[in-house]
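Structure, as structure tokens:
Residue numbers (the numbering used here): 945 to 1356.
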């Protein structure tokens, strides 16, 4: 279990509280962006295809920035300061966005904001993983990654809950300024909490090349399954809030509907996933995530009652969290010890590009079919469900060996 105490801290230790606060500051703005930025796009007069074009391009910007910024962190060891620099860039871009009203300035500023924001969560994660590995090597009490990461999701949840009230205090055009303010207020704390620079890793002359992946087809199936399930969320990410507004819900209700999905996500990551088998259930999580996606999106096409929508938002625990957890565990095993970070990078890139492409299509689908466009998302999840079954069959038909890596449950 993770300890929040300060007694007899070994040299180089980063406290769990410090890491949790960094996660909180980095993820908090998403609690305003996800429910309320699509409403701002509609307020300034953007059409559904225009909104979809923005929503489709920003994941690509995040993907590209993740190819550049983390490598700088690896070379310099100044991960914490880079998080603060990215936060400053995002705050400036969102401030400028508040003054924009035409498509092309909005489009350009959203890309700049996404480019700055994209590396912040993985950089914050890298700080947690660095401390987790350090404690394992020094045989100190384990750091519970789930609890630290859960602090970030809780901050997102808090802003979703109060976001409707907060947005309602200001004119509808003020949403980008509020996001900029949240990020701007975090910058001094991020600088103050930044851990000391670490020595960048160096590869010795005798370092062996990473071994070839033993089962590339199975790894590709896992990545494709996760990509398609996560991409099936594109419709609700881009137009969910607009759809809720069409049903007559106010900002507070819309914020609460989004908050319900985050509560479900937190519960799965921090409580449910381990009790259902943790890493040993990787392929079952993938099957369940895709199957829940089929159910969720099919019913979303027809749901109008608030309680029905609450129930469907709770299914986010399956369609998002179970899929994510299953993919992380399976890729960690299949990519091998020497390629685990690279394997997660492949999955992250695939998810970003997949959701970008589907978001672009969602603009035209939503404009023509409205909420019935969720049926197309259900079809995507069904494809992923078939791929998950295929991957499970291949995994079970392959003899396990000691070199395969196996699944390793989370330390407790």
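Beta carbons are placed, not taken as given, at the ideal position from N, Cα and C, and that holds for glycine.
With distances taken between CB atoms, is the gap from residue i to residue j smaller than 9 Å?
i	j	result
residue 1180	residue 1032	no
residue 1030	residue 981	no
residue 969	residue 1023	no
residue 1235	residue 1329	yes
residue 1127	residue 1241	no
residue 1214	residue 1291	no
residue 1339	residue 1162	yes
residue 991	residue 1054	no
residue 1298	residue 1266	no
residue 1035	residue 1134	no
residue 1206	residue 1101	yes
residue 1017	residue 1067	yes
residue 1185	residue 1198	yes
residue 986	residue 1312	no
residue 1314	residue 1187	yes
residue 1096	residue 979	no
residue 1317	residue 1324	no
residue 1263	residue 1327	no
residue 1228	residue 1276	no
residue 1009	residue 1052	no
residue 1216	residue 1261	yes
residue 1092	residue 976	no
residue 1208	residue 1251	no
residue 1183	residue 995	yes
residue 1191	residue 1245	no
residue 1304	residue 1061	no
residue 1253	residue 1201	yes
Let me know the secondary structure DSSP gives residue i once reduced to three states.
i	result
residue 1115	coil
residue 1303	helix
residue 1091	helix
residue 988	coil
residue 1176	coil
residue 1084	coil
residue 1316	helix
residue 1063	coil
residue 1050	helix
residue 982	helix
residue 1160	helix
residue 1190	helix
residue 1138	coil
residue 1096	helix
residue 1006	helix
residue 958	coil
residue 1260	helix
residue 1342	coil
residue 1001	helix
residue 953	With a pLDDT of 48 at residue 953, under the threshold of 50, the predicted position of this residue should be treated as unreliable, and no value is reported.
residue 973	coil
residue 1285	Caution applies to residue 1285, whose pLDDT of 48 falls short of 50 and renders its modelled position unreliable; the value that the coordinates give is listed next. It is helical.
residue 1151	Residue confidence for residue 1151 is low, a pLDDT of 47 falling below 50, so the modelled location carries little weight and cannot support an answer.
residue 1043	coil
residue 1308	helix
residue 1336	helix
residue 1169	helix
residue 1247	coil
residue 1145	The predicted model places residue 1145 with a pLDDT of 49, which falls under 50 and marks its position as unreliable, so this point remains unresolved.
Terminal residues of the continuous alpha helix (DSSP H) containing residue i?
i	result
residue 1201	1195 to 1211
residue 1229	1226 to 1244
residue 1273	1267 to 1279
residue 1220	Here residue 1220 belongs to no alpha helix (DSSP H), and DSSP marks it neither H nor E.
residue 1022	From DSSP, residue 1022 is part of no alpha helix (DSSP H); its letter is neither H nor E.
Using a C-beta cutoff of 9 Å, does residue i count as contacting chain B?
i	result
residue 1055	No chain B is present in this structure, which holds just one protein chain.
May I ask you to check if the CB of residue i is nearer than 8 Å to at least one heavy atom of the ligand ATP?
i	result
residue 1198	Absence of the ligand ATP from the depicted structure is noted, as is the absence of any ligand whatsoever, leaving it without description.
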